[in-house]
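Written out below as C-alpha cells is the structure these notes cover.
Chains as they are written, first to last, in my numbering: chain F, 977 to 1416; chain R, 977 to 1416.
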C-alpha cells in the first residue's frame, strides 16, 4: 500500500483519481465485431464464438441441458442460492412504489404509471470465476418488475459447457432463454437482434473491456445499459478502534477481483495503517488468488487524515462503489456520505454480504460514477409513463395560462389546440346549464 | 398526410420507423469543439461564442442583468409562469418516495437513501422560439430534489441579450448561475468544467444536432444526460367520435415545432381521416409557422386500422413521445398503453397542457426510446445509495450462506472476510453469555 499522511486538501484530487482507461485502442475492433453481427446475425455469432471461445454448436441452450446441469449443483450450494435469493427478492420487492395520481388544480389530474421493460438482456462474463451471483442480482429484480423476456448470454467453454450454478440460477430466477455467446458479439446480438437472439430493451451485466466498449456503443445508439463500468472498488473508513483483521480482510476481498481493483483505506489513525499492513501480509499467504491481490494492493492507497470527518469528505470526493464504515458511531458517519454505490455499516457488515446474500444489489457504479449514478434497483427494469386527464372545468381554468405561455413561446398552434377546447368547454358548460358532470 | 388503410401487421415495422439520422457527419466537428473546450476552457468558449453567436463579452450573466430583464416580463406572463410553476411543483413533489429500510432476515438490515445530485446543468436552446418552459421543467424538479447548484447555459444574441422570460424563470425557480454559451461548446463546458463554468454531475435539456451529439459524447465519457434526443413526436389515437377540429389542432401543434416533427394519426375510422384533413387545411392558413407545419405534415402518416385495440398495438409498437387518446372510454384505452412518454386522455387534455402548465414534465423520450426510457422526473435529479447493517446474530445466521456462495465463485478472500467476522461474533456471543445486545 502507498501511505499518505495528512495530505493537503488540494492534493486529494490526485489521490481520488482512477487510472485512465483509454478504450480507443479496442474501439475499432469492437465496432467491427458489432457491425458484423448487425450485418450477418447468427452467422457472425457462430464465427466469433468459434474464434474466441473455440466452441462450435448450438447457440441456444436447451431446456434439457439447463435441467441436467442444474441438477448437478450440490444441495448445499442450491440451499445457499435459494436463501440469498429470498433476501434479494425481499429487498427489491420493498422498492415497489405506488403510482401517483394527484389533481394539481381542480379538474387537472396528473399521474404516473410504472411499466416493466418488456425484454431485458443479461450478460454474464466467463473467465476465472463463475459469476452466478450476477444472474441472481439481475434476474431477480427483472422478474419482480414483470419483464416478459429475460435473455441471458454467457461465453461457453470449448465443449459448450457453462458452469452449472449459472444454469441453476437462470432456471431458479426466471431467465427465459440462455445463449452460448460472449464478448462484444453477445452485446451486439442483444442490442440489435439476430435470427436466434432477440433484440432487448436494455442490457445489463459486467464484462471485460470489449464487453464494456460494446455496451457503450449500444448506449450511444439508444439501447440503454445498466451503467458505464470500470474496475471494482472499495474504500474503507476506519478509526483506531477498528479491528485490523477485518480491515485487512476487506481490502484483500476487493483486491482479489483483479489486478486493476481499486482499494483505499481512509483513517485518522497511523497505528491502524501499520497493523492493517501486518494483517494483510499475514492473510495474503493463505489466499489462492494472492498474486492478483498483491498486485492490486501494490497500487492501493492508505490515506491518514486528521479526523473521521475529513475521511468522510475524502470518501465523498472519491465516490467509491463500495464503502465500508468501521468507526465508532458508524451509523452517523454513514449518514454523512453523499457519494457511494453501497455502504456497509459497522463491524459485521462485510462487503461479501452485499455481494451475495444480504439483499442489496451488487451492480453498482464504479470509477467515481457514484457521484451521478445509482446502482441497479427494481426501477432499472421499469419505465414510468406520465399521463393527464383534464376536465371541462379544468381546461376552463388552466386554459388561459396555457394560451399565454404558448403565445410567449411563439407557438400559435400550441395555443390554438387549447383555444378550440376552451370554446367547446364553454359551449358544453352553457348547454349543461352549470351541471356538475365534471369529474376527472 | 400519407394515408395507410388497413396495413398488414408485417408492414407496421416500416410505418413506425423514424427517419435515420446519421450523426457521424457532424460528430468530427463536435469532437473538435469539445476537445478545444477541454484544452482551452474559457478562451475556447469565448472564441466559439464569437464565431457562432457573434457575441463578445462576459459569459456569466450578472444578477443585475437578470433582475432588469426579469422585471421587463409582462405581469400577465409572470402570473402564467407562476401558475404553471405551482402545478409542476405539485406534481413533482408528489413523486417523493420514502427511503426503504427492511430486515431481509433477522439481524440483516438493508436500506436505501436518496441523495440529490450536487450540481446539474441545464441547456436552453436559442433559435426561433424562446423556450423558457424548458427552464421551468428542469429547474423546478432540480430545486425540489435539493441540487445545490443549477447551472444554465443558453446562446446569447449578438448583443448578449437572452429572452427576458428565460431570465425570469431562471430567477423564479432557483437557477444558481446563467452563462451566455450555446451549442456543443456549452455542453462541453458543463461536462468538463472551465475556469468560469463548473463541471456538473448530469446534463439536461434539448438542443440541435450539435448539442445532441455533444451530449452523447459526454454520456459515453461517463457524464450522464437526461436522455438521447430526437425530433419531437405526437401520436393521436382517435375513433369516429373524436372531434376532427381537436385532432387537427393537435397534429398541427406538433407539426409547428419543426420540419422534422413526427406526427401520426391512428384511427379505426376512414371518415375521421377525411374530416381531419379538411380541418388541417382550414386551420393551417391562420398559422404563423404554417410553412414549417405543412412540411412536417407532408411526411406525416394517418393509419386506419380495424379497431381501437389494433390502434393500441400500433401505438405501443411506435412508442411515441406524446400520445393523445381521443376515443370512447379513453381512460381504459390509455391503460393498455405500455410504450409512451406521456399520455393525454380525453377531449380536454391537449398536449400543450403538458407542455406548459398541467404539472407533468415535458422532457420526454422520442425516437422510440419510450420503449426503454422514462421522461424526466424528480428521480432524474437524485441518486439512490443502498446500505446494510448486519448484527452479530445476523452474521451468524447469514454467514454460512455467504461463505458457500463465495467459495463456489472461487473468491477465497470474499469468504475469509465473512469467516473472521463469524469467529469474532461467536467469541462475542459467548462473552455476552447469550446477552441480547443485538439490535441493528
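We put the CB at the ideal spot given by N, CA and C, even for glycine.
Excluding the 5 residues preceding and the 5 following residue i in the sequence, name in chain order all residues of the same chain whose CB lies nearer than 7 Å to its CB.
{"i": "residue 1418 of chain R", "result": "Residue 1418 of chain R lies beyond the residue range present for chain R, which begins at 977 and ends at 1416; the question has no answer from this structure."}
{"i": "residue 983 of chain R", "result": "991, 1279"}
{"i": "residue 1338 of chain R", "result": "1109, 1113, 1330, 1331"}
{"i": "residue 1359 of chain R", "result": "1091, 1093"}
{"i": "residue 1282 of chain R", "result": "982, 1244"}
{"i": "residue 1321 of chain R", "result": "1301, 1306, 1307, 1310"}
{"i": "residue 1357 of chain R", "result": "1092, 1093, 1096, 1117, 1118, 1121, 1123"}
In terms of DSSP beta bridges, what is residue i paired with?
{"i": "residue 1089 of chain F", "result": "F:1361"}
{"i": "residue 1099 of chain F", "result": "F:1129"}
{"i": "residue 1243 of chain F", "result": "F:1214, F:1280"}
{"i": "residue 1302 of chain F", "result": "F:1214"}
{"i": "residue 1057 of chain F", "result": "Answer by DSSP bridge pairing: none, since residue 1057 of chain F is not bridged."}
{"i": "residue 1077 of chain R", "result": "R:1087"}
{"i": "residue 1155 of chain R", "result": "R:1036, R:1129"}
{"i": "residue 1318 of chain R", "result": "F:1362, R:1298"}
{"i": "residue 979 of chain F", "result": "F:1278"}
{"i": "residue 1178 of chain R", "result": "R:1096"}
{"i": "residue 1313 of chain R", "result": "According to DSSP, which records beta bridges pairwise, residue 1313 of chain R is partnered with nothing at all."}
How many whole angstroms separate the CB atoms of residue i and residue j, which I take to be in contact at a CB cut-off of 8 Å?
{"i": "residue 1277 of chain R", "j": "residue 991 of chain R", "result": "6 Å"}
{"i": "residue 1327 of chain R", "j": "residue 1229 of chain R", "result": "6 Å"}
{"i": "residue 1049 of chain F", "j": "residue 1165 of chain F", "result": "Not confirmed; about 27 Å, so no contact."}
{"i": "residue 1336 of chain R", "j": "residue 1362 of chain F", "result": "4 Å"}
{"i": "residue 1037 of chain R", "j": "residue 1156 of chain R", "result": "6 Å"}
{"i": "residue 1152 of chain F", "j": "residue 1021 of chain F", "result": "With 8 Å as the limit, residue 1152 of chain F and residue 1021 of chain F do not qualify as a contact, their Cβ atoms being about 19 Å apart."}
{"i": "residue 1067 of chain R", "j": "residue 1080 of chain F", "result": "5 Å"}
Residue i touches chain R at which residues, Cβ-Cβ below 7 Å?
{"i": "residue 1014 of chain F", "result": "The premise fails here: residue 1014 of chain F is roughly 13 Å from chain R at the closest Cβ pair, so nothing lies under 7 Å."}
{"i": "residue 1350 of chain F", "result": "1359, 1360"}
{"i": "residue 1213 of chain F", "result": "Those do not exist, as residue 1213 of chain F stays about 13 Å from chain R at its closest Cβ, beyond 7 Å."}
{"i": "residue 1226 of chain F", "result": "1393"}
Give the interface partners of residue i over in chain F, defined as CB-CB distance under 7 Å, in chain order.
{"i": "residue 1097 of chain R", "result": "Correct list: empty, because the minimum Cβ distance to chain F is about 11 Å."}
{"i": "residue 1347 of chain R", "result": "1177"}
{"i": "residue 1204 of chain R", "result": "1198"}
{"i": "residue 1106 of chain R", "result": "1385"}
{"i": "residue 1334 of chain R", "result": "1080, 1084, 1086, 1364, 1366, 1374"}
{"i": "residue 1076 of chain R", "result": "1070, 1071"}
{"i": "residue 1208 of chain R", "result": "Within chain F, no residue comes near residue 1208 of chain R; the closest Cβ sits about 11 Å away, beyond 7 Å."}
Do residue i and residue j have their C-beta atoms within less than 9 Å of each other?
{"i": "residue 1245 of chain F", "j": "residue 1226 of chain F", "result": "no"}
{"i": "residue 1207 of chain F", "j": "residue 1342 of chain F", "result": "yes"}
{"i": "residue 1256 of chain F", "j": "residue 1212 of chain F", "result": "no"}
{"i": "residue 1333 of chain R", "j": "residue 1069 of chain R", "result": "no"}
{"i": "residue 1178 of chain F", "j": "residue 1097 of chain F", "result": "yes"}
{"i": "residue 1389 of chain R", "j": "residue 1141 of chain F", "result": "no"}
{"i": "residue 1222 of chain R", "j": "residue 1396 of chain F", "result": "yes"}
{"i": "residue 1300 of chain R", "j": "residue 1313 of chain R", "result": "no"}
{"i": "residue 1043 of chain R", "j": "residue 1146 of chain R", "result": "no"}
{"i": "residue 1191 of chain R", "j": "residue 1163 of chain R", "result": "yes"}
{"i": "residue 1296 of chain R", "j": "residue 1377 of chain R", "result": "no"}
{"i": "residue 1139 of chain R", "j": "residue 1106 of chain R", "result": "yes"}
{"i": "residue 1129 of chain R", "j": "residue 1158 of chain R", "result": "yes"}
{"i": "residue 1294 of chain R", "j": "residue 1203 of chain R", "result": "no"}
{"i": "residue 1218 of chain F", "j": "residue 1260 of chain F", "result": "no"}
Go through its chain and collect everything with a Cβ distance to residue i's Cβ below 6 Å, but skip five positions before and after it.
{"i": "residue 1031 of chain R", "result": "1025, 1132, 1134, 1136"}
{"i": "residue 1252 of chain R", "result": "1220, 1223, 1224"}
{"i": "residue 1274 of chain R", "result": "none"}
{"i": "residue 1492 of chain R", "result": "Because chain R in this structure spans residues 977 to 1416, residue 1492 of chain R falls outside the shown range and cannot be described."}
{"i": "residue 1161 of chain R", "result": "1009, 1013, 1021, 1024"}
Taking Cβ-Cβ distances shorter than 8 Å, what residues in chain F pair up with residue i?
{"i": "residue 1216 of chain R", "result": "Those within 8 Å of residue 1216 of chain R in chain F number zero; the least Cβ separation is about 17 Å."}
{"i": "residue 1148 of chain R", "result": "Within 8 Å Cβ-Cβ: nothing; residue 1148 of chain R doesn't reach chain F, min ~13 Å."}
{"i": "residue 1192 of chain R", "result": "1196"}
{"i": "residue 1264 of chain R", "result": "1386, 1388"}
Note down, in chain order, every chain R residue with its Cβ under 8 Å from the Cβ of residue i.
{"i": "residue 1322 of chain F", "result": "1365, 1366"}
Residues of chain F with a CB under 9 Å from the CB of residue i: which are they?
{"i": "residue 1312 of chain R", "result": "Within chain F, no residue comes near residue 1312 of chain R; the closest Cβ sits about 11 Å away, beyond 9 Å."}
Would you mind telling me which residues of chain R sit closer than 9 Å to residue i, beta carbon to beta carbon, in chain order?
{"i": "residue 1111 of chain F", "result": "Residues of chain R passing the Cβ test: none, with the nearest at roughly 11 Å."}
{"i": "residue 1337 of chain F", "result": "1362"}
Please go through the same chain and pick out, in chain order, the residues whose beta-carbon is closer than 8 Å to the beta-carbon of residue i, but skip the five residues on each side of it.
{"i": "residue 1149 of chain R", "result": "1061, 1111, 1112, 1115, 1116, 1119"}
{"i": "residue 1404 of chain F", "result": "1368"}
Residue i touches chain B at which residues, Cβ-Cβ below 8 Å?
{"i": "residue 1382 of chain F", "result": "Chain labels in this structure do not include chain B; the protein chains are F and R."}
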